Amino acid sequence: MSLLWQTLFLAVFLRVFAALPQCSDVNTETEFDYAVVGAGAGGGPLAARLAESGFSVLVIDAGHDVHNVNTTIPLYFARATEDPQISLDYTLDEYPPGFRFQKNDALYPRSRGVGGSTIHNAMINVIAATRSDFDGLADMFNDSTWSRDNMQEYYKKIERNKYTLPGPDHGQDGWLTTTLNPLLAALNPKFLDVQTVAYFAALAISDVPLIDFNVTSNDDAVGGSLPSFTIDEHHNRSSVRERLLDVEQSSGRLTFSLDTLATKILMCNGTDGKPTAYGVEMAPGAGLAVASNFNGKVDLDPILRNVTVRREVIVSAGVFQSPQLLMLSGIGDSSQLEQFGIESVVHLPGVGTNLQGKHLTSSFDPPNDDSSSLNHDEIAIIYKMKQNFSIWNGCTFLYTLEDDPCLAFWQETGGANIYSFSGAFEVTTSRSVDSPTPDIFAYYAPAYFPGFVRGVSNASRAPVCPIDPYPSCLDVGFQQELIDRSHNHATVINLKAHPSSKGSVRLTGAHPQDPLDIQKNRFQAEEGPQDVADLREAIKRSMAVMNNLLIEGFIEGLEFPESLDTDEEIEDHIYQNIFGHHACCTNPMGTDDDPNAVLDGDFNVRGVNNLRVVDASTWKIVPGYFITTPIYMISEKAADVILAAAKAD
Ligand SMILES: Cc1cc2nc3c(=O)[nH]c(=O)nc-3n(C[C@H](O)[C@H](O)[C@H](O)COP(=O)(O)OP(=O)(O)OC[C@H]3O[C@@H](n4cnc5c(N)ncnc54)[C@H](O)[C@@H]3O)c2cc1C
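Going by the numbering used here, the residue at position 276 of the sequence shown is 256; the numbering climbs one at a time, nothing skipped.
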């Protein structure tokens, strides 16, 4: 670093305000080398690696371990988003005040517990379209380990590939099992009717060739494919949950503190004068304010306890909670922290903002407004079919074998029916007119799915029932018409990669259980109208697929929305029903001269020793089309970086 940059860095980042204790005065007697806050896609893989490498690791998570039909049977994923044991039910504003569309109680589901949101997600496993993201990081940090080709090595390390022949870009021995929907199950004559055959045929001929979206040569491929999923050969969800539980058993060095809320990073003044993380303040038994069983804010003081670490604290609490934890600890925009009476430790104005750009109702003006995007833009359209898809015959999405013949068949046959499928039957990628690379990902399913809206599990015919003891959903208002809705509809979702929207995550108070103010500012960037236009054209392409002669005759008509005849109608539908489920980038990595950077290229929180952030918030730009597998990849990279640092000590 040149002297000029060093001076700038010290001036901008190291404005240390709070009176921290000297590290030499802090009692760091502890059982743990590392503490990892968050057992999800970001925290899980690295926690497992550190424990396997001989270090003691405490994993703190606000949820507990849940293993039930919702978290294991692939097609129950929609219901998992509202499973009261795991669900985190965020509310956010899609649009700023005054915009002509308002969507201010939008649902953003997340999940808690061992595995984090990987125990409820839709399991779609796609790395394609990340070349510019990874190569961009390699260029930015002048560090070839970030290159797309090098990052594939991490995928090979974690993958246990069950869907394609072994090849140079696939792994066979990792902890994440990848496969395709079990086509043989769908092609069982027992389930096939002429409409289902026509639907599959129409999708199959809509795009050739079949593309493996997880090999580097197909990063920028245009065309269609059967998607790959993180599902194992027994047709159960595969995720980092199993990895963590395995390493807990095998290493004896990984300890969980579950149902525990991390409330603050403990810091002291290091010998170099820098704030230095030495532990985590946590509240066992306290819940996240957005948990479905949250009963309101409590006085945490009586239950708070400190855990100290010999080496590092890694924050992996996800896109909303990681910036909150940093801010509660005094790391963020100092003037905003002061508004809530939080003593500033390090002034990092990018915390909770990056990508998110301007929060229109605050005075905060991000210094680097053109950096990245908060989330993918996704929009569904739904057709009503003239008859049911027979692959759904008997499926009620209930909990008992008596109530659900489909579940009984799934168990009897080892998963040989539709419940072994995940959300997409066919996916295609395409390029918007002005985009240098493919940027639209469309997924098709013979089901009713309007997006992640409140009550989505009911909307898509998967009613949420109390879990234990397994009751009959008939007791809680189960209705035949809802069953019919899933059996005779077809959904297409279009996703726009690398969109321009920039939002923010802000505190509303200094209490760890105060809700967050989450603003998406959807389509508010200069390129917002272009994003809408790109989605509009993508919807037209999907309508052409659905109007294919093979399937057209089986369609009764559009249902969601009822009409898409004009550009204006399509755009209105997009504005009114946009959703997304890949929020990211609220603690962005960046270079020394980027005043909005929260992390450096080694995941370190700038201006703080022994503190890193590794999760969805780490990215500078929302990666590719789908983000879980790329998060797993950066978590494995972070493990390498942390282990190398430990070795160098
Ligand atoms: C409904 C849905 C479907 C999705 N489907 C897909 C898909 O098919 N493919 C794909 O690639 N991506 C998908 N995603 C996205 C993906 O699952 C997430 O982006 C990813 O899991 C984020 O990883 P993370 O580590 O940042 O956070 P998470 O996996 O959410 O983990 C964060 C963990 O931190 C814990 N935590 C938070 N705050 C605290 C605190 N203060 N103290 C203690 N613990 C805390 C939480 O309990 C949680 O377990 C989906 C997302 C949703 C919502």
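C-beta atoms are modelled at their ideal positions from N, C-alpha and C, and glycine is treated no differently.
Since the structure is predicted, the reported quantities are computational estimates derived from the model, not experimental observations.
Per DSSP, cross-strand counterpart(s) of residue i
{"i": "Q499", "result": "D73, S484"}
{"i": "G310", "result": "DSSP lists no partner for G310."}
{"i": "V293", "result": "A15, L591"}
{"i": "V287", "result": "V260"}
{"i": "P89", "result": "D69"}
{"i": "V37", "result": "Y14, L234"}
{"i": "M569", "result": "L579"}
{"i": "T159", "result": "F209"}
{"i": "N105", "result": "For N105, which the question treats as bridged, DSSP gives no partner whatsoever."}
{"i": "H327", "result": "G312"}
{"i": "R128", "result": "Answer is none; R128 lacks a bridge partner."}
Backbone CA spacing between residue i and residue j [nearest angstrom]
{"i": "V594", "j": "A524", "result": "41 Å"}
{"i": "I359", "j": "L538", "result": "14 Å"}
{"i": "D514", "j": "V202", "result": "16 Å"}
{"i": "D419", "j": "G533", "result": "31 Å"}
{"i": "G95", "j": "L529", "result": "44 Å"}
{"i": "T376", "j": "P385", "result": "8 Å"}
{"i": "A271", "j": "R59", "result": "16 Å"}
{"i": "G93", "j": "M365", "result": "38 Å"}
{"i": "T471", "j": "D113", "result": "29 Å"}
{"i": "F81", "j": "I554", "result": "11 Å"}
{"i": "S302", "j": "D552", "result": "34 Å"}
{"i": "E517", "j": "L246", "result": "50 Å"}
{"i": "L0", "j": "M307", "result": "16 Å"}
{"i": "I622", "j": "E32", "result": "13 Å"}
{"i": "P298", "j": "L280", "result": "According to the sequence as given, residue 298 is Gly; it is not Pro. Spanning the two alpha carbons is a distance of roughly 22 Å."}
{"i": "L160", "j": "G431", "result": "22 Å"}
{"i": "D173", "j": "N101", "result": "30 Å"}
{"i": "L26", "j": "S197", "result": "27 Å"}
{"i": "S124", "j": "N130", "result": "7 Å"}
{"i": "S230", "j": "D629", "result": "26 Å"}
Nearest neighbour of residue i, chosen from the options [CA to CA]
{"i": "Q304", "options": "F432, A178, T488", "result": "T488"}
{"i": "N249", "options": "V325, N198, F121", "result": "V325"}
{"i": "N589", "options": "R291, H215, Y143, F180", "result": "R291"}
{"i": "S480", "options": "Q493, Q504, G116, S466", "result": "Q504"}
{"i": "G321", "options": "L328, G310, G330", "result": "G310"}
{"i": "N122", "options": "F540, G581, E323", "result": "G581"}
{"i": "R592", "options": "L234, P610, I614, N286", "result": "I614"}
{"i": "I361", "options": "Y428, S412, F405, L308", "result": "Y428"}
{"i": "L544", "options": "R140, R521, H467, G570", "result": "R521"}
{"i": "C565", "options": "Q556, I558, D572, N576", "result": "N576"}
{"i": "V602", "options": "I558, A626, F421, H356", "result": "H356"}
{"i": "F193", "options": "N168, H562, S410, S302", "result": "S410"}
{"i": "P77", "options": "Y258, R486, T144, R502", "result": "R502"}
{"i": "R633", "options": "N273, A263, Q301", "result": "This structure leaves residue 633 out entirely; the chain is present only between -19 and 629."}
{"i": "V655", "options": "T144, D119, Q510", "result": "Any answer about residue 655 is impossible in this case: the structure gives the chain only from -19 up to 629."}
{"i": "H469", "options": "Y424, I622, S484", "result": "Y424"}
{"i": "R434", "options": "E261, P509, L378, F559", "result": "F559"}
Residues near residue i by beta carbon distance below 8 Å, same chain, minus five either side
{"i": "P54", "result": "M103, F209, I211, H215, N216, R217, Y399, S400, F401, S402"}
{"i": "E9", "result": "T288"}
{"i": "A624", "result": "none"}
{"i": "Q367", "result": "D173, Q175, N468, F534"}
Contact set for residue i: own chain, Cβ-Cβ below 6 Å, skip 5 residues either direction
{"i": "G24", "result": "V220, L224"}
{"i": "G22", "result": "S296, V594, D595, I611, S615"}
{"i": "F344", "result": "Since pLDDT at F344 reaches only 28, below the 50 mark, its modelled position is unreliable, and no value is offered."}
{"i": "N105", "result": "T158, S208, F209, T210, T609"}
{"i": "L190", "result": "S205"}
{"i": "A388", "result": "L381"}
{"i": "Y258", "result": "V6, T8, L246, C248, T288"}
{"i": "I498", "result": "L72, V485"}
Close Cβ partners of residue i (< 7 Å) along its chain, the five nearest in sequence each way excluded
{"i": "W372", "result": "I398, S466, H467"}
{"i": "N50", "result": "Y56, R59, A60, D63"}
{"i": "T52", "result": "N216, R217"}
{"i": "S127", "result": "F114, D115, A118"}
{"i": "R586", "result": "F(-7), L328, A577, V578, L579, D580"}
{"i": "I531", "result": "A178, Y179, A182"}
Short CB-CB distance (under 8 Å) between residue i and chain D
{"i": "V195", "result": "In the displayed structure, chain D is absent; only one protein chain is listed."}
Contact between the segment 231 to 242 and the segment 33 to 45 is defined here as three or more beta-carbon pairs at a separation below 8 Å; is this criterion met? yes
Contact the segment 174 to 190 vs the segment 62 to 71: 3+ CB pairs below 8 Å: no
Taking three-plus beta-carbon pairs below 8 Å as touching, is the segment 147 to 164 in contact with the segment 122 to 139? yes
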